[in-house]
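Worksheet: the structure to be examined is printed underneath.
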Amino acid sequence: MVGHQADAETGASRKGDSKAARPGEVILEQDPASLQADAGLVFIGHVETPWRTVSECPRNGGKTREICKVVVRPEYAEGLASVATCSHLVLLYWMHEARRDLIVQAPSFAERTHGCFALRSPVRPNPVSLSVVELLAVDGNVLSVRGLDCLDGTPLIDIKPYFASTDSRPDARVGWSDKR
């Protein structure tokens with residue numbers, strides 16, 4: 004799959020493309036959503052949030068105070084054993100409304116373009132996202148959490164305990180972002 008750079012005047016990068024791109028952005032020749040690859044991935048549940056549209060959704064879950072629900076499908080509920088002992092969890096979820104064909108992006112907050120793998124944007128070939136959330140309560144197969152930044156109905160891929168001793172990297176840096 005080879006990409007095409009966006010036309011500087013129109014922003015379009017594929018003939019007849021209705022998804023305009025910013026100058027410098029690159030759109031993949033074929034949208035990954037149209038490919039038949041299968042990793043055997045199953046959704047174990049979904050997320051219930053107050054946000055119905057992308058414009059309503061916060062860009063950083065760590066800054067939101069809203070309480071959201073994580074609903075685990077009944078057949079996976081036994082996997083929640085001991086989860087109530089955790090103060091924080093890592094949630095992996097599928098950003099089902101995200102565009103998947105933009106490989107180089109021009110974020111509005113950045114001075115130049117960046118590859119999608121250098122960004123936390125949901126726009127990527129496989130729109131998997133993660134959030135570290137505070138676990139507030141467990142009620143059967145429903146978790147109440149704080150710290151999410153996804154749309155209502157977002158499919159849930161996985162839940163993991165957050166271990167500050169292994170998951171935190173205080174010396175980590177993103178060089179291009181240091182200038183922000």
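Following our numbering, the numbering of the sequence shown begins with 4 at its first residue and continues without gaps. For every residue, glycine included, the Cβ atom is placed at its ideal position computed from N, Cα and C.
Kindly give me the distance between the Cβ atoms of residue i and residue j, rounded to whole angstroms, as I take these residues to be in contact under 8 angstroms.
i: Gly178; j: Gly65; result: That belief does not hold up - the Cβ atoms of Gly178 and Gly65 are roughly 21 angstroms apart, past 8 angstroms.
i: Cys71; j: Val86; result: Going by Cβ atoms, the distance from Cys71 to Val86 rounds to 16 angstroms, so no, they are not a contact pair.
i: Val73; j: Leu146; result: 4 angstroms
i: His99; j: Pro110; result: 21 angstroms between Cβ atoms; not a contact.
Under 6 angstroms Cβ to Cβ from residue i, same chain only, skipping five residues before and after it: list those, please.
i: Pro128; result: Pro35, Arg103
i: Ile106; result: Gly6, Val29, Leu31, Cys119
i: Pro61; result: Thr67, Asp152
Which residues bound the alpha helix (DSSP H) around residue i?
i: Asp185; result: Absent from the model: residue 185. The displayed extent of the chain is 4 to 183, so no value can be given.
By how many angstroms is the C-alpha of residue j removed from the C-alpha of residue i?
i: Glu81; j: Leu159; result: 16 angstroms
i: Asn144; j: Ala101; result: 27 angstroms
i: Leu83; j: Val75; result: 9 angstroms
i: Phe112; j: Ser180; result: 10 angstroms
i: Ala27; j: Leu122; result: For clarity, residue 27 is Gly in the given sequence; the question names Ala instead. Distance between the alpha carbons of Gly27 and Leu122 is about 15 angstroms.
i: Glu114; j: Gln108; result: 11 angstroms
i: Val131; j: Ser124; result: 10 angstroms
i: Glu69; j: Pro53; result: 8 angstroms
i: Gly156; j: Ser134; result: 16 angstroms
i: Arg55; j: Arg176; result: 32 angstroms
i: Ala141; j: Glu78; result: Reading the sequence as shown, one finds Val at residue 141 and not Ala. Computed Cα separation, rounded: 16 angstroms.
i: Ser171; j: Gly43; result: 29 angstroms
i: Asp174; j: Trp97; result: 28 angstroms
Quick check on the DSSP output: the beta strand (DSSP E) that includes residue i runs from which residue to which?
i: Glu32; result: Looking at the DSSP string, Glu32 is not in any beta strand (DSSP E), and its letter there is neither H nor E.
i: Tyr96; result: 91 to 97
i: Ser37; result: From DSSP, Ser37 is part of no beta strand (DSSP E); its letter is neither H nor E.
i: Lys187; result: The first residue shown for the chain is 4 and the last is 183, placing residue 187 beyond what the model contains.
i: Arg149; result: 145 to 149
i: Ile106; result: 105 to 108
i: Glu59; result: Premise fails: Glu59 is in no beta strand (DSSP E) and is neither H nor E.
i: Ile47; result: Segment: none, Ile47 is in no beta strand (DSSP E) and carries neither H nor E.
i: Ser134; result: 131 to 142
i: Asp152; result: Unbroken run through Asp152: none, as it is neither H nor E.
i: Asp161; result: 158 to 164
Sorted by chain position, which residues of the same chain lie with C-beta nearer than 8 angstroms to residue i's C-beta, five sequence neighbours on each side aside?
i: Asn63; result: Asp152
i: Thr169; result: none
i: Leu138; result: Val86, Ala87, Cys89, Ser90, His91, Leu92, Leu146, Ser147, Val148
i: Val45; result: none
Does the distance between the C-beta of residue i and the nearest non-hydrogen atom of the ligand NAP fall short of 7 angstroms?
i: Val50; result: In terms of ligand content, the structure shown is empty, and the ligand NAP therefore cannot be addressed.
Answer yes if the region 79 to 92 comes into contact with the region 164 to 172, meaning at least three C-beta pairs across the two stretches below 8 angstroms, and no otherwise.
yes
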